[in-house]
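For the sequence shown, our numbering begins at 642 and goes up steadily by one.
Cβ coordinates follow ideal geometry from the N, Cα and C atoms, glycine included.
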Amino acid sequence: EHPTGNCMRYLAFNRLMFQLLLLAILTIGFAVLTDELEIYRYHEEQWADPSSLDIEITRNDWNKTFRTIKASLTNFKGVHGCPLSYTIPATTAIPADPDPSTDYASIEDKIIAHAPIVNTQGDFVATFRTDNTTLWKLLSALFKDTVDWTDIKHCAQTKDGRTAFLDLKSARLGAQYTNNVSAKIERRWLALSYAGPKSNWKFTITPATTSNASSSLPSSMITKNLMSEPEFASSLIRLSLESSTQLLT
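This is the structure in structure tokens:
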């Protein structure tokens, strides 16, 4: 038999096997996508939006509060059926690679990751603007009668829920919060003064609130920006020993 005929049959067989393999892959892929679509449609049919964010504001743990808010927002649907928590991601920038190397934990996570917020020109898309207003209504109902309202009420006119959430988070956990806490600690530190040795010449330090703050402290006891905690402790020991020596002599 001529070699050319064998070669042609071999190529035809390989082409047939490739087509069969490709058909099998496409069939399996289509079945998987169909199953995912059926699951998504089931979730969509069973979905019922709650009326409000029914959560407890934990002011001594704002990280927990913000996590709870974001988790609760997954129970609300946006205009295109996406969980409303997509409106408060860390950034609105369009990712270069929208899919991670591993699978998403759930269908909802995948939908949230692909939900449109801005277009290629950087403008908010219409669906996000509508969902952002819904987010504002939920947040305003949650914080309206609380002391936290002052941090988000500036968004009432624009009904900008995303900005309200991020501004409140910044006020409670961001640089503004850190500066406020630092200022409070600074004021309390300045309200301390050294009252001198007492109790039969036993060295003690008595913090007391005075108007002259730390002006009565001896130079060796001034610690702000000068002494570390070990140095301060060493100074206390030295002064205690000096007082004991004076008693013995």
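Given a threshold of 16 other Cβ atoms within 10 Å of its Cβ, counted over all protein chains shown, does TRP805 qualify as buried or as exposed? Counted from its first residue, the sequence shown places residue 805 at position 164. A small correction: the amino acid at residue 805 is Ala; Trp does not occupy that position in the sequence shown. By the neighbour-count rule (16 or more Cβ atoms within 10 Å), ALA805 is buried.
Starting from ASN704 and walking both ways along the alpha helix (DSSP H), at which residues does that stretch end? Along the sequence shown, one-based indexing puts residue 704 at 63. Taken as a continuous stretch (DSSP letters only), the alpha helix (DSSP H) holding ASN704 covers 703-714.
Are there 16 or more other CB atoms within 10 angstroms of the CB of THR706, so buried, or fewer, so exposed? The residue you call residue 706 lines up with position 65 of the sequence shown. Classification of THR706: buried, given that the 10 Å Cβ count is 16 or more.
Please report how far the alpha carbon of LEU694 lies from the alpha carbon of ASN704, in whole angstroms. Start at 1 with the first residue of the sequence shown, and residue 694 comes out as number 53. Start at 1 with the first residue of the sequence shown, and residue 704 comes out as number 63. Cα atoms of LEU694 and ASN704: separation of roughly 17 angstroms, rounded to the nearest angstrom.
8 angstroms Cβ shell around LEU807 - same chain, five flanking residues per side excluded: Along the sequence shown, one-based indexing puts residue 807 at 166. ILE729, listed in sequence order.
In angstroms with no decimal places, state the Cα-to-Cα distance between VAL673 and THR768. Within the sequence shown, residue 673 is the residue found at index 32, counting from 1. Within the sequence shown, residue 768 is the residue found at index 127, counting from 1. Taking the straight line joining both Cα atoms gives about 29 angstroms.
Given ASN773 as reference, the closest of PHE784, VAL759 and ILE669 once Cα atoms are compared: Against the sequence shown, residue 773 aligns to sequence position 132. Nearest C-alpha to ASN773 among PHE784, VAL759 and ILE669: VAL759.
Could you check what DSSP says for PHE765 in three-state terms: helix, strand or coil? Taking the sequence shown and counting its residues from 1, the one referred to as residue 765 is at position 124. Reduced to three states, the DSSP call for PHE765 is strand.
Does VAL822 come out as helix, strand or coil in the three-state DSSP assignment? Working through the sequence shown from its first residue, we reach residue 822 at position 181. Looking at VAL822 - three-state DSSP - the assignment turns out to be helix.
Should GLY719 go down as buried or exposed, given a rule of 16 or more other Cβ atoms within 10 Å for buried? Within the sequence shown, residue 719 is the residue found at index 78, counting from 1. Counting other Cβ atoms within 10 Å of its Cβ, GLY719 reaches 16 or more and is therefore classed as buried.
For PRO724, which residues from the same chain have a beta carbon less than 8 angstroms from its beta carbon, with the 5 sequence-adjacent residues on both sides left out? For the purposes of this step, residue 724 is taken as the residue at position 83 of the sequence shown. Closer than 8 angstroms at Cβ, skipping near neighbours: LEU714, THR715, ASN716, PHE717, LYS718, GLU749, ILE752 and ILE753.
Rounding to the nearest angstrom, what Cα-Cα distance links GLU677 and SER747 in this structure? Start at 1 with the first residue of the sequence shown, and residue 677 comes out as number 36. Start at 1 with the first residue of the sequence shown, and residue 747 comes out as number 106. For GLU677 and SER747, the distance between alpha carbons rounds to 10 angstroms.
Let me know the secondary structure DSSP gives LYS794 once reduced to three states. The count along the sequence shown starts at 1 and reaches residue 794 at position 153. Reduced to three states, the DSSP call for LYS794 is helix.
Roughly how many angstroms lie between the CA atoms of GLU827 and ASN821, to the nearest whole one? Indexing the sequence shown from 1 puts residue 827 at position 186. Indexing the sequence shown from 1 puts residue 821 at position 180. CA-to-CA, the gap between GLU827 and ASN821 works out to about 10 angstroms.
Can you list, in chain order, the residues of its chain with a C-beta nearer than 6 angstroms to that of LEU814? Leave out the 5 residues immediately preceding and following it. The count along the sequence shown starts at 1 and reaches residue 814 at position 173. Once the five neighbours on either side are set aside, the close Cβ partners of LEU814 are TRP703.
Check the DSSP bridge columns for PRO724 and list the partner residues they point to. For the purposes of this step, residue 724 is identified with residue 83 of the sequence shown, where counting begins at 1. Looking at the DSSP output, PRO724 shares a beta bridge with LYS718.
Going by C-alpha to C-alpha distance, which of LYS810, THR787, THR761 and PRO757 sits closest to THR904? As shown, the chain starts at 642 and ends at 890. That puts residue 904 outside it, with no answer to give.
DSSP bridge partner residues for VAL759 (one or two, in chain order): If you number the sequence shown from 1, residue 759 lands on position 118. Beta bridge pairing from DSSP links VAL759 with PHE765.
Leaving aside the five residues before and after PHE765 along the sequence, list all residues of the same chain whose C-beta is less than 7 angstroms from its C-beta, in chain order. On the sequence shown, position 124 is the one that residue 765 refers to. Close CB contacts of PHE765 within its chain, under the 7 angstroms cut and outside five residues either way in sequence, are with ILE758 and VAL759 (chain order).
For the alpha helix (DSSP H) that GLY802 lies in, which residues bound it at each end? Position 161 of the sequence shown holds residue 802. Bounds of the alpha helix (DSSP H) holding GLY802 are 802-814.
Give the secondary structure of SER781 by DSSP, where H, G and I count as helix, E and B as strand, and everything else as coil. By one-based count along the sequence shown, residue 781 stands at place 140. Helix.
Sorted by chain position, which residues of the same chain lie with C-beta nearer than 7 angstroms to PHE784's C-beta, five sequence neighbours on each side aside? The residue you call residue 784 lines up with position 143 of the sequence shown. In its chain, beyond the 5 residues on either side, TRP790 and ILE793 have a beta carbon closer than 7 angstroms to the beta carbon of PHE784.
Assign ILE710 to one of two classes, buried (16 or more other C-beta atoms within 10 Å of its C-beta) or exposed (fewer than that). On the sequence shown, residue 710 is found 69 positions in, with the first residue counted as 1. Answer is buried; the Cβ neighbour count reaches 16.
Span separating the alpha-carbon of THR864 from that of TRP830: Within the sequence shown, residue 864 is the residue found at index 223, counting from 1. Within the sequence shown, residue 830 is the residue found at index 189, counting from 1. The predicted model places THR864 with a pLDDT of 42, which falls under 50 and marks its position as unreliable, so this point remains unresolved.
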